Amino acid sequence: MSRRRKGGMSMSAVEMALSWRARAAIEAEPGDRPGPAAAPSPELLASLRHHLLAGETHYPDRPGMVDLRRLVGAALPGAGYPERGADGVLITASEGESLFVTLLGLGAGKGASYTGSAPGRHSRLFDWMGLVMADPDAADHEAPAFDYTDRAHDAAQETRGRVERDLSAPRIHAIGDPLFRSDAAAHSDDALAKVIVIGSLDGLAAMQPFRLGFVAAPPKTLAGITRWKQASSICSPAPSQRAALFALGVRP
């Protein structure tokens, strides 16, 4: 038995059950959840894999995509950040794309300056975009476009490559792939409520070979970033097109 969707499409019993299960997990009280980083169900991941083959991640009505955004937002306290709803999370193709569209959304063009961490894992993107670390002693010193923290790189390099921070600028935290991996108790710092968090979803092993990323930010901030994500997706081939090119012997 199936139920009609808006627009005439039918929803199978399996999809309905999946939707109900996901909604129940999302709407559960914090104390009822199995943990701050509970993994999405295998059925949800299978649905996402199927539909990602047919199109790009920026479509807000892609089956399973809203559920994934909600689950990512609910998992953020496991990494120390405030929880966000689906309107505060954007799914991307990778952490690199997350950083790229975030920088564009903040207006960080060629020659823009920043404070904080050395670019670390994303140094090639910083170099390609012409971003420069701010020099507070320079005579023509201007306000930085953003403050950047690469948590994974900083943990390995301690404090090398840092300059004095300007926390009045938009703050970006690149956290890598801790979501859905950690069993640590949920906690969050309200002082990080305005921080833009980017990362990857490599912790979702069942989603391989897709290497999804995310951006989590206040909804108003995220709206400007989302426009650039849409442009980025439109200008690149869909996963099914990439697979076809690969099969024909075309390599990056």
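Counting along the sequence shown from 1, when you hit position 147 you're at 153 in our numbering, and nothing is skipped either side. Ideal placement from N, C-alpha and C gives every residue a C-beta, glycine not left out. As the structure is a prediction and not an experimental result, all values here were calculated from the model.
Under the rule that a run must span 3 or more residues, the beta strand (DSSP E) segments found entirely inside the segment 80–109 read 95–98. CA-to-CA, the gap between G209 and A175 works out to about 30 Å. A222 places its beta carbon 8 Å or farther from that of V72.
Going by C-alpha positions, F132 is about 35 Å away from S53.
When secondary structure is reduced to three states using DSSP, A222 falls in the strand class. Judged by DSSP in its simplified three-state form, F186 adopts coil rather than helix or strand.
The C-beta distance from G111 to V138 rounds to 19 Å, too long to meet the 8 Å contact threshold. In this structure the segment 117–127 does not touch the segment 88–97; the number of beta carbon pairs closer than 8 Å is below three. One Cα belongs to A80, the other to A197, and the distance between them is close to 18 Å. Distance from the CA atom of D183 to the CA atom of L74, rounded to whole angstroms, is 15 Å.
A residue is called buried once 16 or more other Cβ atoms fall within 10 Å of its Cβ, and A85 is buried on that count.
Residue burial is scored here from C-beta neighbours: G122 has at least 16 other C-beta atoms within 10 angstroms and is therefore classed as buried. Assignment of beta-bridge partners to D153 by DSSP yields T121 and R177. Assigned with DSSP and collapsed to three states, S129 falls in helix. Exposure of P48 is indicated by the presence of fewer than 16 other C-beta atoms within 10 angstroms of its C-beta.
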